[in-house]
Amino acid sequence: MTRRRDLPPGLGEAFAVRDARASGVTARRLDARDLEAPFRGSRIRVTNAPSLDRYELREYELRRRAQAYVPVAPRDAAFSHVTAARLLGMPLPERLFADELHVTTSGQPPRRKGVAAHRSLDARRIEVRGFAVIPAEVVWLQLAPLLTLEELIEAGDHLVRRKRPPCTLDSLAAEIVAARGRRGVTAAAAALPHLRAGTDSPRETRMRRTIVHAGFLEPAVGFRAHHEGAFIGTPDLAYPEYRIAFEYQGGGHREEDVFEEDIDRLERFHEAGWAVVQVTKGLLERRGWLAERTRRALLSRGWSPSSA
375 MTRRRDLPPG
385 LGEAFAVRDA
395 RASGVTARRL
405 DARDLEAPFR
415 GSRIRVTNAP
425 SLDRYELREY
435 ELRRRAQAYV
445 PVAPRDAAFS
455 HVTAARLLGM
465 PLPERLFADE
475 LHVTTSGQPP
485 RRKGVAAHRS
495 LDARRIEVRG
505 FAVIPAEVVW
515 LQLAPLLTLE
525 ELIEAGDHLV
535 RRKRPPCTLD
545 SLAAEIVAAR
555 GRRGVTAAAA
565 ALPHLRAGTD
575 SPRETRMRRT
585 IVHAGFLEPA
595 VGFRAHHEGA
605 FIGTPDLAYP
615 EYRIAFEYQG
625 GGHREEDVFE
635 EDIDRLERFH
645 EAGWAVVQVT
655 KGLLERRGWL
665 AERTRRALLS
675 RGWSPSSA
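For what it's worth, this note's numbering labels the leading residue of the sequence shown as 375, then goes sequentially.
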């Protein structure tokens with residue numbers, strides 16, 4: 375059996391066929407089984423997918439497709455729309471997941487199978503995971519016509535999250551003003567007042583919105599609780615005046631030190647006289663459960679429906 379010739383190291387993980395041919399790679403070598411051809415004119419080296427859950431594997435495959443497209447993309451191309459949202463890690467409904475890549479350029483984008491081409495004279499770009507992406511504020515507006523109000527709020531909360539937020543509430547508001555008259559602006563403007571900076575997850579946003587829709591006062595996000603002058607923790611949501619905290623407990627594997635910290639934090643809240651409502655994915659999806667649990671917690675702390 376003839377040994378497969380190594381590719382020139384300068385080609386990298388993904389490369390354009392034209393660059394490979396210029397480096398002396400034969401057409402036969404480019405058709406070998408250790409290379410994939412996701413797009414006409416490009417190749418990417420075959421790798422064994424890491425052990426990932428269904429969602430992680432889907433996002434890994436998206437990044438692979440994006441990586442394979444870059445060598446044949448127009449010079450000013452940037453990922454946009456749903457593709458950019460996924461690269462940014464924005465929570466999206468299942469119905470929006472597709473294999474095609476959304477790409478925006480300033481000129482007439484070349485047609486290529488598997489690519490949804492868009493045109494915009496807006497030259498702003500950011501870098502996300504090594505890819506050129508249009509600004510997150512613009513991505514949020516692009517998604518607005520495709521999402522329900524609650525989905526748009528979850529996506530917006532993600533952009534102004536506590537850790538490394540790509541946007542601020544002010545930058546989102548400014549983008550809405552700048553894009554006045556365009557598709558999606560009305561929906562984005564309706565969602566903006568309901569966004570809260572400093573959240574940690576879409577589930578936290580969903581908890582908050584469920585409580586509000588049940589007719590209760592909106593719980594605080596990012597409240598730093600203290601007891602006898604000492605900091606005891608920042609619950610996911612809180613009613614500080616009633617000393618009620620809400621904590622979302624994610625499923626699946628958790629590192630032992632994180633699990634121990636969660637237990638320690640809950641103990642500190644209990645010792646300080648706080649009531650802690652613990653919520654899981656299943657309980658959050660159970661119709662009426664969180665509303666009833668919130669009502670019971672508030673009543674136990676002296677709240678009355680007339681004060682709502």
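Each residue gets a CB set at the ideal place from its N, CA and C atoms; glycine is no exception.
Flag this pair as yes or no: are the beta carbons of H455 and Q516 separated by less than 9 Å? yes
In three-state terms, what does DSSP make of L611? strand
Look at the alpha carbon of E410 and the alpha carbon of G463, and state the distance between them as a whole number of angstroms. 26 Å
Rounded to the nearest angstrom, what separates P539 and A396 at their Cα positions? 42 Å
Could you tell me how far apart the beta carbons of I618 and V651 are, in whole angstroms, since I believe they sit closer than 8 Å? 7 Å
Straight-line gap, L381 to G558 (C-alpha atoms, nearest Å): 46 Å
So, at 8 Å on beta carbons, what are the nonlocal neighbours of F590 in its own chain, with the 5 sequence-adjacent residues on each side left out? A665, T668, R669, L672, A682
Inter-residue spacing [alpha-carbon to alpha-carbon] between H476 and P614: 44 Å
Buried or exposed for V507, please, with buried defined as at least 16 other CB atoms from any protein chain shown within 10 angstroms of its CB. buried
Output the distance between the C-alpha atoms of A361 and S480, rounded to the nearest integer angstrom. Only positions 375 to 682 of the chain appear in this structure, which leaves residue 361 out of reach.
Nearest CA to the CA of R556: which residue from V534, C541, P519? P519
How would you call Y443, buried or exposed, if buried means at least 16 neighbouring beta carbons within 10 angstroms? buried
Is it the case that the Cβ atoms of E621 and V653 are separated by a distance below 9 Å? yes
What are the partner residues of Q652, as DSSP defines its beta bridges? E621
Touch check for the segment 557-573 and the segment 525-533: three-plus C-beta pairs under 8 Å? yes
Considering only the beta carbon of each residue, do R417 and A388 sit closer than 9 Å? yes
Mind the definition here: the segment 467-475 touches the segment 483-491 only if three or more C-beta pairs lie below 8 Å; say whether that holds. yes
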